[in-house]
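**Q**
Number of protein chains: 4
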Amino acid sequence: MPIMRTKDENKKEALFRATIKLVNEIGFASSSVSKIAKEANVSPSTLYVFFDNKEDLLVSTYVEIKTQLAHALLENFDDTLPIRDIIRNGWYSVFNYVSEHPDEAAYMEQFSNSPYSELVDKAVVEREFVPFGNVMVKGIEQKIIKDVDISILAAFIFNPLFRLANPRLCAELEMNEEKLEQAFGMAWDAIKL
Amino acid sequence: MPIMRTKDENKKEALFRATIKLVNEIGFASSSVSKIAKEANVSPSTLYVFFDNKEDLLVSTYVEIKTQLAHALLENFDDTLPIRDIIRNGWYSVFNYVSEHPDEAAYMEQFSNSPYSELVDKAVVEREFVPFGNVMVKGIEQKIIKDVDISILAAFIFNPLFRLANPRLCAELEMNEEKLEQAFGMAWDAIKL
Amino acid sequence: MPIMRTKDENKKEALFRATIKLVNEIGFASSSVSKIAKEANVSPSTLYVFFDNKEDLLVSTYVEIKTQLAHALLENFDDTLPIRDIIRNGWYSVFNYVSEHPDEAAYMEQFSNSPYSELVDKAVVEREFVPFGNVMVKGIEQKIIKDVDISILAAFIFNPLFRLANPRLCAELEMNEEKLEQAFGMAWDAIKL
Amino acid sequence: MPIMRTKDENKKEALFRATIKLVNEIGFASSSVSKIAKEANVSPSTLYVFFDNKEDLLVSTYVEIKTQLAHALLENFDDTLPIRDIIRNGWYSVFNYVSEHPDEAAYMEQFSNSPYSELVDKAVVEREFVPFGNVMVKGIEQKIIKDVDISILAAFIFNPLFRLANPRLCAELEMNEEKLEQAFGMAWDAIKL
DNA sequence: GATGAATGAGTGTTCATTCAT
DNA sequence: CATGAATGAACACTCATTCAT
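Chains as they are written, first to last, in this note's numbering: chain A, 49 to 241; chain B, 49 to 241; chain C, 49 to 241; chain D, 49 to 241.
This is the structure we're talking about:
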């Protein structure tokens, strides 16, 4: 019975992955600590070396994903482009992230619609999205975008996107390049003046 | 003609209400059968008189809400109006339902983003929304609405709406008559040709 | 697999007995709920039908014993006898109880010296011993007993007794009729004026 | 000549203190090795440098206290005094020790009433109290003290004392110089011929 | 000598469900 | 129809202890 003393971070990441996978497959209710640990090839007690408790694991997993998403969004963020292009870039970045990480996206949706979401320090999460919000403010000032609350704008840009990219909600819908451009067009029509 | 409910139906309804309340407050994971039964002032074993098991209770609760929502949507459905007005009426009906039944709406969101949603017989649920779908088809034929998949259209009409009406997701946002009309305008801009 | 639906009280008593036995044999620290349940031939979950939690079980067991002891003490309590005889009767009653129920006595000692003892509603327990306390008050008034706090008197009457009757503390000591009378004589010498 | 303690001995003592404190506050059952180590500002694994296991720690702590108590008892032991005075000195020495070290005393009581006590090498512990026992033997020979087993004598001298000095058992009782002298008087009355 | 990482075994407790009544 | 008693299985979590460093 060899005792591996590998570096921690591998285990922590394995736990994130296991959490995402299991919560998507069987939901929060059935994703027990022991199942998650087994999926991550770790002893249940080892989980408590990295997280305070189950709640902490779930919330940390969410914050981890949200941060990744923010990075994806800002990766090709170019302030000098026309506003429509900035938003279009962001929209596609998010779509790509969600398409390439459907499990992470599904976890995010399930989490943010559950009471667990109230445990997240929202300031920390939202901070990452500020630059993108600023663009919308600028768009409003330049009379390019409708003068409504930022959260209403965001609801029209990102919410349909999440739904369309979510195979659980839109199993039958196969997105392709053309439909994608149509969808962004609709999002833009919704918010443009 | 007042409907005389038998004792049973009162209990069944009490169980629906208890389920909705508890799942919203503490989530699926913590909403145990015994807690739900206690909240409904019923013995846990009585629950099994009305439902096969916990899963059946959760799914039935969802279907019940979805059906109520469909009724609300179709209540003032008038085929003879212009297409924009039909959709506007539907949009407002849904918004009103969600505003007046925030718990039901939150349950719906939480349920439909969870793996439980795969247990629902979708045909049954979607049947109720067919008339509304037909209106959109007609709108496409009449070149009033963009020619894209119905589910994409629905995503732009209803998804932002649910988010805006959901206090968990938009706690800080106070919707009023003006913002509401703006929001519908945006939804319409998104789908109209 | 026959399902016995015997009357509850049997199980509750079996749990009391199992608790006393195990706590004496292996101590509070090792007396787990599952071990106690197994000793009582009951499922661990059944234990929670009768007691709120482990603490409640331990405290209830103590109160049960204390109540039995009080009954033993008062059984042949005769107010009309001379004060020395009343106290002597009580002293022998307690000694007999402790000799015949060494496990209960040992549990009592272990419990009352542990932090669990702070969870007991002392008013309830002490109420039962009031008549005996009154005799001592009368003895003080009649100048038969030293005028000191009742708890000091009680410490001299009952504490040595418990120690002498406790096989854990006095394993080597075999009490017989003569030593017993000597011991009571010492207790009486301590408190008499 | 100040005693230079090596680093180790400080840690060992810190572990003794932590054990006593925690066992008094939360009992044996809840005093885990890790809690004790944390209280002593030491790693749990360090504990195993000084003690074989948890049991060894608990027993060693008891023996340590018992030895301190014996030292206190013998500190002003003067063989040349009259027997009553020797015993009185011892009685007061013990009372003082218990008053000044209530935690140690409470630990001792809790320990000696638990099954752990069976793990102690009694010969080692009792050896320290031999001189005091000899005094009682001499008292018996000189017809000053009742001719009964030493352990019965000890039970009347020390048991009430421990109870009276134990705040857990006698919370309400405030001992003062007068009550103290009364209490010793009673102990003496119990054993004197 | 001292410790942080790790874990199998076990903790107290709650679970969904059954069954006799 | 409705329920109280009962439980095996599972829960989240902590335990005493080990071992490489």
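For each residue, glycine too, the CB sits at the ideal point set by N, CA and C.
1. Is it buried or exposed, Lys194 (chain B), if we count other Cβ atoms within 10 angstroms and call 16 or more buried?
2. Shortest alpha-carbon distance to Lys86 (chain A) belongs to which of A:Phe64, A:Ala77 and A:Val107?
3. For Lys240 (chain C), which beta-bridge partners are listed by DSSP?
4. Please list the terminal residues of the continuous alpha helix (DSSP H) segment that includes Phe206 (chain B).
5. With a threshold of 8 angstroms on Cβ separation, who are the neighbours of Asn72 (chain B) within its own chain once the five nearest residues in sequence on each side are excluded?
6. Let's see if you can read the secondary structure: which residues bound the alpha helix (DSSP H) around Tyr244 (chain A)?
7. Near Ser82 (chain D), which residues of its chain fall below 7 angstroms by C-beta distance, leaving aside the five closest residues on each side in sequence?
8. Report yes if the CB atom of Glu103 (chain B) is closer than 9 angstroms to the CB atom of Tyr145 (chain B), and no otherwise.
9. Would you say Gly75 (chain A) lies against chain B (beta-carbon separation less than 9 angstroms)?
10. Quick one: what's got a C-beta closer than 6 angstroms to Leu117 (chain C)'s C-beta in the same chain, skipping five residues either side?
11. Can the beta-carbon of Lys69 (chain D) be found less than 9 angstroms from the beta-carbon of Phe98 (chain D)?
12. Does any residue of chain A have a CB that is nearer than 9 angstroms to the CB of Leu212 (chain B)?
13. Run through DSSP, which three-state label would His149 (chain C) get?
14. What's the C-alpha gap between Ala62 (chain B) and Ser108 (chain B)?
15. Would you list, in sequence order, the uninterrupted alpha helix (DSSP H) runs of no fewer than 4 residues that lie entirely inside the segment 49-117 of chain D?
16. What's the gap between the Cα of Leu241 (chain C) and the Cα of Gln190 (chain C)?
17. Are Pro208 (chain A) and Asn89 (chain B) close, meaning C-beta to C-beta below 9 angstroms?
18. Taking Phe210 (chain C) as the reference, which of C:Asp56, C:Ala235 and C:Val196 has the closest Cα?
19. So with CB distances below 7 angstroms, who are the chain B contacts of Asn161 (chain A)?
20. Would you mind stating whether Phe143 (chain C) and Pro179 (chain C) have Cβ atoms separated by less than 9 angstroms?
21. Kindly indicate if chain C contains any beta-carbon less than 9 angstroms away from that of Met184 (chain D).
22. Alpha carbon to alpha carbon, how far is Ile51 (chain D) from Glu123 (chain D)?
23. Here's the rule: buried if 16 or more other CB atoms are within 10 angstroms of the residue's CB, otherwise exposed. What is Ala171 (chain D)?
24. For Ile188 (chain D) versus Trp139 (chain D), is the C-beta spacing smaller than 9 angstroms?
25. Suppose you measure from the CA of Tyr110 (chain D) to the CA of Ile198 (chain D); what does that come to, to the nearest Å?
26. Taking only the alpha-carbon atoms, compute the straight-line gap between Phe232 (chain C) and Glu225 (chain C) and give it to the nearest angstrom.
27. Taking the alpha helix (DSSP H) that Glu174 (chain B) belongs to, which residues open and close that run?
28. Hey, how far is the Cα of Glu148 (chain C) from the Cα of Glu148 (chain D)?
29. So which residues on chain A does Phe204 (chain B) lean against when the C-beta distance must stay under 8 angstroms?
30. Cβ closer than 9 angstroms: which chain D residues qualify as neighbours of Tyr145 (chain C)?
31. Applying the criterion that 16 or more other CB atoms from any shown protein chain within 10 Å of the CB defines a buried residue, is Val196 (chain A) buried or exposed?
32. Could you tell me whether any Cβ in chain C is nearer than 9 angstroms to the Cβ of Ser82 (chain D)?
33. Is there a Cβ of chain C sitting closer than 9 angstroms to that of Ala118 (chain D), yes or no?
34. Please compile the residues from chain B whose C-beta is within a distance smaller than 8 angstroms of the C-beta of Val196 (chain A).
**A** With the structure as the only source:
1. Counting from one through the second sequence, the residue named residue 194 (chain B) turns up at place 146. With 16 or more Cβ atoms within 10 Å of its Cβ, Lys194 (chain B) is classed as buried.
2. Residue mapping note: residue 86 (chain A) aligns to position 38 of the first sequence, counting from 1. Ranking the options by Cα distance to Lys86 (chain A), first place goes to A:Phe64.
3. Stepping through the third sequence from its first residue, residue 240 (chain C) is reached at position 192. DSSP lists C:Ile193 as partners of Lys240 (chain C).
4. Position 158 of the second sequence, counted from the start, is the residue given in the question as residue 206 (chain B). Phe206 (chain B) -> alpha helix (DSSP H) spans Ile198 to Ala213.
5. Within the second sequence, residue 72 (chain B) is the residue found at index 24, counting from 1. Within the same chain, Asn72 (chain B) has close Cβ partners Asp151, Ala154, Tyr155 and Gln158.
6. With chain A covering only 49 through 241, there is no way to say anything about residue 244 (chain A).
7. One-based indexing of the fourth sequence puts residue 82 (chain D) at position 34. Same-chain partners within the cutoff: Pro92.
8. The sequence position of residue 103 (chain B) within the second sequence is 55, counting from 1. The sequence position of residue 145 (chain B) within the second sequence is 97, counting from 1. Their beta carbons are not under 9 angstroms apart, which means Glu103 (chain B) does not touch Tyr145 (chain B) by this criterion.
9. For the purposes of this step, residue 75 (chain A) is taken as residue 27 along the first sequence, with counting starting at 1. Taking Cβ atoms only, chain B reaches closer than 9 angstroms to Gly75 (chain A), which makes this a yes.
10. Counting from 1 along the third sequence, the entry for residue 117 (chain C) is found at position 69. So the qualifying residues of the chain are Tyr145.
11. Position 21 of the fourth sequence, counted from the first residue, corresponds to residue 69 (chain D). Position 50 of the fourth sequence, counted from the first residue, corresponds to residue 98 (chain D). Cβ atoms of Lys69 (chain D) and Phe98 (chain D): not closer than 9 angstroms.
12. The residue labelled residue 212 (chain B) in the question sits at position 164 within the second sequence. Closer than 9 angstroms to some Cβ of chain A, the Cβ of Leu212 (chain B) qualifies, so yes.
13. Numbered from 1 along the third sequence, position 101 holds the residue referred to as residue 149 (chain C). Coil.
14. Your numbering for residue 62 (chain B) matches position 14 in the second sequence. Your numbering for residue 108 (chain B) matches position 60 in the second sequence. Rounded to whole angstroms, the gap between the alpha carbons of Ala62 (chain B) and Ser108 (chain B) is 13 angstroms.
15. Here the runs fully enclosed are 55-78, 81-87 and 92-98.
16. Residue mapping note: residue 241 (chain C) aligns to position 193 of the third sequence, counting from 1. Residue mapping note: residue 190 (chain C) aligns to position 142 of the third sequence, counting from 1. Each residue's alpha carbon lies about 10 angstroms from the other.
17. Your numbering for residue 208 (chain A) matches position 160 in the first sequence. Your numbering for residue 89 (chain B) matches position 41 in the second sequence. No.
18. As a position in the third sequence, residue 210 (chain C) is number 162, starting the count at 1. It is C:Ala235.
19. For the purposes of this step, residue 161 (chain A) is taken as the residue at position 113 of the first sequence. Those are Glu157, Gln158 and Asn161, listed as they occur along chain B.
20. By one-based count along the third sequence, residue 143 (chain C) stands at place 95. By one-based count along the third sequence, residue 179 (chain C) stands at place 131. Their beta carbons are not under 9 angstroms apart, which means Phe143 (chain C) does not touch Pro179 (chain C) by this criterion.
21. Within the fourth sequence, numbered from 1, the residue matching residue 184 (chain D) stands at position 136. It does not; no Cβ of chain C falls within 9 angstroms.
22. Translated into the one-based positions of the fourth sequence, residue 51 (chain D) becomes position 3. Translated into the one-based positions of the fourth sequence, residue 123 (chain D) becomes position 75. Residue confidence is low: Ile51 (chain D) scores 45 on pLDDT, short of 50, so the model does not pin down where it sits. No coordinate-derived value is stated.
23. Taking the fourth sequence and counting its residues from 1, the one referred to as residue 171 (chain D) is at position 123. Under this definition Ala171 (chain D) is an exposed residue.
24. Sequence index remark: in the fourth sequence, residue 188 (chain D) carries index 140 (1-based). Sequence index remark: in the fourth sequence, residue 139 (chain D) carries index 91 (1-based). No. Outside cutoff.
25. Start at 1 with the first residue of the fourth sequence, and residue 110 (chain D) comes out as number 62. Start at 1 with the first residue of the fourth sequence, and residue 198 (chain D) comes out as number 150. Using only the alpha carbons, I get a separation of about 23 angstroms.
26. Counting from 1 along the third sequence, the entry for residue 232 (chain C) is found at position 184. Counting from 1 along the third sequence, the entry for residue 225 (chain C) is found at position 177. Straight-line measurement puts the Cα of Glu225 (chain C) at about 11 angstroms from the Cα of Phe232 (chain C).
27. Position 126 of the second sequence, counted from the start, is the residue given in the question as residue 174 (chain B). It spans Lys170 to Arg175 - the alpha helix (DSSP H) in which Glu174 (chain B) sits, taken as one unbroken run.
28. For this step, residue 148 (chain C) is matched to residue 100 along the third sequence. For this step, residue 148 (chain D) is matched to residue 100 along the fourth sequence. Taking the straight line joining both Cα atoms gives about 38 angstroms.
29. On the second sequence, position 156 is the one that residue 204 (chain B) refers to. Residues of chain A passing the Cβ test: Phe204, Pro208, Met234, Ala235 and Ala238.
30. Numbered from 1 along the third sequence, position 97 holds the residue referred to as residue 145 (chain C). Under the 9 angstroms cutoff, chain D gives no residues; its nearest Cβ is about 18 angstroms from Tyr145 (chain C).
31. Counted from its first residue, the first sequence places residue 196 (chain A) at position 148. Looking at its Cβ environment, which holds 16 or more other Cβ atoms inside 10 Å, Val196 (chain A) is buried.
32. Position 34 of the fourth sequence holds residue 82 (chain D). Ser82 (chain D) does not count as touching chain C.
33. Locating residue 118 (chain D) in the fourth sequence gives position 70, counting from the first residue. Chain C, which has no Cβ nearer than 9 angstroms to the Cβ of Ala118 (chain D), makes this no.
34. If you number the first sequence from 1, residue 196 (chain A) lands on position 148. Result: Lys227, Gln230, Ala231 and Met234.
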